[in-house]
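Enquirer: Going down the list, the sequences are from chains A and B. To convert, note that position 182 of the first sequence is 182 in the working numbering; the numbers rise steadily by one, no gaps. To convert, note that position 220 of the second sequence is 1220 in the working numbering; the numbers rise steadily by one, no gaps. This is the structure I want to talk about, given as structure tokens.
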Amino acid sequence: MLELSPQEWTAVALSLRVAVVSTLVALPFGIAIATLLARKSFWGKSLLDAVVHLPLVLPPVVTGYLLLITFGRKAPVGAFLADHFGIVFSFRWTGAALACGIMAFPLMVRAIRLSIEAIDRRLEDAAATLGANRGWLFLTVTLPLALPGIIAGMMLAFARALGEFGATITFVSNIPGETQTISAAIYTLTQVPGGDAAALSLVIVAVIISLAALIASEWFARRAHARLHGV
Amino acid sequence: MRDSTGFEMLTVEVEKKLGDFAVTAKFASETGATVLFGPSGAGKTTVVNMIAGLLRPDRGRIALDGDVLFDDAARIDVPVWRRRIGYVFQEGRLFPHLSVKHNLDYGRWMGGHAADPAAFAHAVELLDIGHLLDRRPGKLSGGERQRVAVGRALLMRPRLLLLDEPLASLDEARKKDILPYLERLRDEAKVPMIYVSHDAAEVRRIASRVVRLDGGRVVATGGVELLSA
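This is the structure we're talking about:
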């Protein structure tokens, strides 16, 4: 049943690469924005919160189109990044990673923000009396205590990235070997006669990857929880 | 600002309004243990938090051994982490994600000091916590937790130790177990202490000096005789 053509394996590998890269690159931004939203009050906070959540409520195709007119090769930001840094998103796997990262970002920020808000601030006060400045305090107390939420956020982001379809296909199209992820490959196979068997194989692969990610994150979360609650 | 024995000395003169409750405290402490004594809601913890730097006074001045920690007129407010004042909280507040040993070492790491095995061994022996080093705080009893909290504050090499009702969460038998450790701390470690309590029996043996607080004000300062009044 799991006889995939080289092109289908490429789609699987690409999906994994896109999901891993988008999750890892989004992580520092996710932690920073979540900390900002959880801890600071500033002018424009509700606006920032709304913008972060936008990809969750917009139709993915709209998000993809917005990316296209912002990061496309001839679009202002896209042209600037290409000319000055050599970073090109349009019709490249990096564009798929950008689209997935942005679609996954609200889920990641929500999970991390909740766990930061749940931290007992009195432990941070204790760390400060012991000589921890703000940076060390964040690294040695806040981050470790937020770890379960960070793991949950990464898991959600990875799953979202793996399943992303609308924004990716709108932004970077469906190019085999470059931007054709599992979802896009399944979609393509269902559009051609006799593609059902291969589509089913890819569906099974997608289920296996998702289950594995879920089990791994549960395991990490349980370990983190045990560490925080004294085992 | 040193007293005749050469130990560090704390002067506090602060005002703080919290809603419709106002704290006005003025006192000085010398070597040994100064007990901030008074009923619940007298403003004891508020005063101690201002000394630690966790709460900003509205007005006033706090100085430790001539080193000004807070002075609103001179716009001085040394941040908590630079004050080097150890704080033992009522609930211990041990870091749940670190072992007892790493909790004890935390202040030394943050201070950037090299390991001092002799000081570590001495504190561990003084507080009798050697058998707990590899455990996590979640597995400690209340008395063990508070002893580790005292050790953690002591090992950061504080200039002053604040103890805010450190025994309040313990039962009577446990209190009696820990008190001798605190007396040894006062006599052997020779770190000046501010000890907050509402329990006269608990602090009678600890106190070198008593500051009585009530309704947010210092109503008397003197010796242990104030505990029975």
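Here a beta-carbon is modelled for each residue, glycine too, at the ideal position from N, C-alpha and C. Just so it is clear, the structure is predicted and the values come from calculations on it, not from any experiment.
Can you give me the Cβ contacts of residue 210(A) inside the same chain, cut-off strictly under 7 Å, excluding the 5 residues immediately before and after it?
Expert: 159 and 162
Enquirer: Roughly how many angstroms lie between the CA atoms of residue 1027(B) and residue 216(A), to the nearest whole one?
Expert: 58 Å
Enquirer: Going by DSSP, what residue range makes up the alpha helix (DSSP H) through residue 1027(B)?
Expert: Counting along the chain, residue 1027(B) falls outside any alpha helix (DSSP H), though it belongs to the beta strand (DSSP E) covering 1021–1029.
Enquirer: Bridge partners of residue 1139(B), per DSSP?
Expert: In the DSSP assignment, no residue is bridged to residue 1139(B).
Enquirer: Please work out which residues of its chain come closer than 6 Å, Cβ to Cβ, to residue 152(A), disregarding the five sequence neighbours upstream and downstream, and give them in chain order.
Expert: 111
Enquirer: Name, please, each residue of chain B whose Cβ falls closer than 9 Å to the Cβ of residue 82(A).
Expert: In chain order: nothing, as chain B lies at least about 44 Å away.
Enquirer: Is the beta carbon of residue 170(A) sitting closer than 8 Å to the one on residue 64(A)?
Expert: yes
Enquirer: Straight-line CA distance for residue 213(A) to residue 219(A)?
Expert: 10 Å
Enquirer: How many whole angstroms separate the CB atoms of residue 1110(B) and residue 130(A), which I take to be in contact at a CB cut-off of 8 Å?
Expert: 6 Å
Enquirer: Verify the CB distance criterion: does residue 1195(B) have a CB-CB separation below 8 Å to chain A?
Expert: no
Enquirer: Which residues bound the beta strand (DSSP E) around residue 1156(B)?
Expert: Element bounds for residue 1156(B): n/a, residue is neither H nor E.
Enquirer: Counting C-beta neighbours from all protein chains within 10 Å, is the total for residue 1002(B) 16 or more, i.e. buried, or is it exposed?
Expert: Legend: pLDDT at residue 1002(B) = 43, less than 50; position of this residue unreliable, value from coordinates given subsequently. When all chains shown are included, residue 1002(B) counts as exposed.
Enquirer: So, residue 1212(B) versus residue 1038(B), is the Cβ gap smaller than 8 Å?
Expert: yes
Enquirer: How is the alpha helix (DSSP H) around residue 1105(B) delimited, first residue to last?
Expert: Per DSSP, residue 1105(B) belongs to the alpha helix (DSSP H) from 1100–1111.
Enquirer: Quick one: what does DSSP say residue 70(A) is sitting in, helix, strand or coil?
Expert: helix
Enquirer: For a cutoff of 8 Å on Cβ pairs, would you count residue 1205(B) as touching chain A?
Expert: no
Enquirer: For residue 1013(B), which three-state DSSP category applies?
Expert: Three-state result, residue 1013(B): strand.
Enquirer: Note the first and the last residue of the continuous beta strand (DSSP E) segment covering residue 1071(B).
Expert: 1067–1071
Enquirer: Buried or exposed: residue 134(A), going by 16 or more other Cβ atoms within 10 Å of its Cβ?
Expert: exposed
Enquirer: Leaving aside the five residues before and after residue 77(A) along the sequence, list all residues of the same chain whose C-beta is less than 8 Å from its C-beta, in chain order.
Expert: 70 and 71
Enquirer: Roughly how far, in whole angstroms, is the beta-carbon of residue 1085(B) from the beta-carbon of residue 1147(B), given that I think they are within contact range, below 8 Å?
Expert: Residue 1085(B) to residue 1147(B), Cβ: 20 Å. No contact.
Enquirer: On the premise that residue 1088(B) lies in contact with residue 1149(B), defined as a C-beta separation below 8 Å, what is that separation, rounded to the nearest angstrom?
Expert: By a beta-carbon distance limit of 8 Å, residue 1149(B) contacts residue 1088(B). Their separation comes to about 5 Å.
Enquirer: Could you tell me whether the Cβ of residue 14(A) comes closer than 8 Å to any Cβ of chain B?
Expert: no
Enquirer: Kindly indicate if chain A contains any beta-carbon less than 8 Å away from that of residue 1192(B).
Expert: no
Enquirer: Under a three-way DSSP split, which group does residue 35(A) fall into?
Expert: Helix, per DSSP.
Enquirer: By the 10 Å Cβ neighbour count, where 16 or more other Cβ atoms means buried, how is residue 43(A) classified, buried or exposed?
Expert: exposed
Enquirer: DSSP three-state call for residue 1042(B): helix, strand or coil?
Expert: coil
Enquirer: Under the rule that 16 or more other beta-carbon atoms within 10 Å means buried, what is residue 1053(B), buried or exposed?
Expert: Label assigned to residue 1053(B): buried.
Enquirer: Mind checking which residues open and close the beta strand (DSSP E) that includes residue 91(A)?
Expert: Taken as a continuous stretch (DSSP letters only), residue 91(A) belongs to no beta strand (DSSP E), as it is neither H nor E.
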